[in-house]
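Comments concern the structure below.
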Amino acid sequence: MKTIRRVLYPFSLLYAAVTGVRNFFYDKGIFKSTAFSLPVIAVGNLSVGGTGKTPQIEYLIRLLSNHNLKLATISRGYKRKTKGMVVATPMHTAADLGDEPFQFYSKFKDLTVIANGNRVEAIQYLLEQPKCPDVVLLDDAMQHRKVKAGFYVMLTAYQDFFYSDLVLPAGNLRESKCGAKRANCIVVTKCPSDLTNIEAERIKNRIKKYAPQIPVYFSAIAYYTYIYNQKDQQLLSDLKADYVLLAGIAKPEPFFKHLKKENTLLLRYPDHHNFTTQDIEDIKQKASGKLIITTEKDYVRLVGKIPQNQLYYLPIQATFLFDESEAFNQQILRYVMPSI
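Residue numbering for the sequence shown follows the numbering used here, starting at 41 and increasing by one per position.
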């Protein structure tokens, strides 16, 4: 791996130079960046996938909904089969919207969900509606600089820190590490629940080399104690060990580790995988009638293709460590509602 990185490193320098010039042009106003009158929160990262954006956005949806704010999310809708702007309705599927937007729409009934790579167009559409949202949440928009968000939540995954990585193609960074300075806060995601204060301070000190004035928070993934489908729920502790685990997400290891028993069959697919008819037949054959537990993202792509009584998903939530939720919440709410 080190040899490959050394070979690719010159290309990473070129990639970093190109993205650096692009950011410079946006910073100086040479490239147009549109700001809007309503609060816009962008959730993103510097790296390619797997940092936990979906549970973080869902955390923000719950937080802001609890303050009676009308919300909209805008996502690119990665690997969706439609083009242009799609405003979610009950007629749409995960194939129309993309798995993450469809998941948002399925879970939060008062949420406006839009799939559109052109975030400027999508926000302008929202502003023209009779019931314009109070807050817009942009999914995976750290590098989408055509919109000037009012608040940036940057995520970096534990043990996959941006400060230890390289720019593409030698590493996984979409831009140089100094891009962290654009964030209003940085959340270290997927931390172990027993993370120590000493380790947290060490991580903060590394981050502050690139973003010295930015608040840093630590979060973990909390797994539900039940698995669900459209009609049923089952307590995990009541399940027999003889089930199948299926995941088509960027980094499925924590999901597998949480549920895996001795001899559990693991079915792995690429991130955002579009399950073909042949895939479904292979899954059914390998599962051989056993219960299939998958992630929530995969469930929205598999529901209706596998017998309902056989397919379940395990929900997750982002939860803050060290009693930091109040500080994070207040930072978000002060931006959205400055008068509080």
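Even glycine gets a Cβ: it sits at the ideal position worked out from N, Cα and C.
C-alpha of Gln270 to C-alpha of Tyr353: approximately 10 Å in a straight line. For the stretch 209-249, the continuous beta strand (DSSP E) assignments of 3+ residues that do not extend past its boundaries occur at 225-229, in sequence order. Under a 10 Å Cβ-count criterion, Arg374 is classified as exposed, with fewer than 16 other Cβ atoms of the shown protein chains found around its own Cβ.
Restricted to the stretch 137-182, the beta strand (DSSP E) segments that are unbroken, complete and at least 3 residues in length are 152-155 and 175-179, listed in chain order. Approximately 15 Å separates the beta-carbon atoms of Arg222 and Ser87; this is outside 8 Å, ruling out the contact. With respect to the 8 Å criterion, Tyr309 and Gly288 are classified as neighbours on the basis of their beta carbons.
The distance from the Cβ of Val175 to that of Leu111 is about 5 Å, consistent with a contact at the 8 Å cut-off. Residue state for Thr129 is assigned as coil, using DSSP reduced to three classes. Within the DSSP bridge table, the entry for Leu111 names Val175 as partners.
Here DSSP, grouped into helix, strand and coil, assigns Thr316 to coil. Each residue's CA atom was taken as its position, placing Val256 and Lys244 some 7 Å apart. The bridge partners DSSP lists for Asp200 are Ala197.
With the rule of 3 Cβ pairs closer than 8 Å, the stretch 139-155 counts as touching the stretch 115-128. Proximity to Pro292 across Lys326, Ile333, Phe315 and Phe258 peaks at Ile333, based on C-alpha coordinates.
By the Cβ test, the stretch 161-176 is not in contact with the stretch 65-72, since fewer than three Cβ pairs between them sit closer than 8 Å. If you look at Ile332, you'll find it isn't in any alpha helix (DSSP H); it sits in the beta strand (DSSP E) that goes Leu331 to Thr335.
If you keep only unbroken beta strand (DSSP E) runs of at least 3 residues inside the stretch 263-288, you get 266-268, 273-275 and 283-287. In this structure, the beta-carbon distance from Leu109 to Val376 falls below 8 Å. One alpha carbon belongs to Phe296, the other to Gly92, and they sit about 16 Å apart.
Restricting attention to Ala327, Phe76 and Ile320, the CA atom closest to the CA of Val187 is found in Phe76.
Bounds of the alpha helix (DSSP H) holding Tyr99 are Lys93 to Ser105.
Judged by beta-carbon spacing, Leu137 lies within the 8 Å limit of Ala155, meaning their Cβ atoms are closer than that value. Under the three-state reduction of DSSP output, Ala251 falls in the coil class, being neither helix nor strand.
By the neighbour-count criterion, in which 16 or more other beta carbons inside 10 Å mark a residue as buried, His312 falls on the buried side.
The C-beta separation of Tyr283 from Thr304 comes to about 7 Å, placing the pair in contact by the 8 Å criterion. Inclusion of Cys225 and Ile247 in the CB contact set at 8 Å is not warranted, their separation being larger than that value. Burial is judged here by how many other beta carbons sit within 10 angstroms of a residue's own beta carbon; Lys230 has at least 16 and is buried.
For Arg45, the closest C-alpha among the options Arg102, Thr74 and Val207 is that of Val207.
For Arg374, the uninterrupted alpha helix (DSSP H) run begins and ends at Ser365 to Val376, by DSSP.
At least 8 Å separates the beta-carbon of Leu279 from that of Val227.
Here DSSP, grouped into helix, strand and coil, assigns Thr74 to strand.
A distance of 8 Å or more separates the beta carbons of Leu331 and Leu307. By the neighbour-count definition (other C-beta atoms within 10 Å, threshold 16), Gln169 is an exposed residue.
Assignment of Tyr55 by DSSP, reduced to helix, strand and coil, places it in the helix class.
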